[in-house]
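Structure first, commentary second.
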Amino acid sequence: MPAGATDDPRARRRVRVALLRGLYAVTPDLADTALLVARVEAAITGGAAAIQYRNKTATAELKGAQAAALAR
């Protein structure tokens, strides 16, 4: 087990919370990739510390294209 690792779920949660500070944003289910990118850019400009890409309604192809567009 790595140094500082623990089996205690409460301790692991405290570590995760300490590492993630600030606004955490989750993307909406949008088919329009340009609009999605614009909204993510706005969230980052607004101070988002982390963005989670999630689109429950998109096809696998659209998810791949959107993830690639967001990674640029």
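According to the working numbering, the sequence shown holds residues 899 to 970 in order.
Cβ atoms here follow ideal geometry from the backbone N, Cα and C, with glycine treated the same way.
Straight across, the Cα-Cα distance linking residue 956 with residue 945 is about 27 Å. In the structure shown, residue 946 falls within a strand segment according to DSSP collapsed to helix, strand and coil.
Under the criterion of beta carbons closer than 8 Å, residue 921 and residue 947 qualify as touching, at roughly 6 Å.
Straight-line spacing of the CA atoms in residue 913 and residue 905 works out to 12 Å.
Counting along the chain, residue 963 sits inside the alpha helix (DSSP H) bounded by residues 958 to 969.
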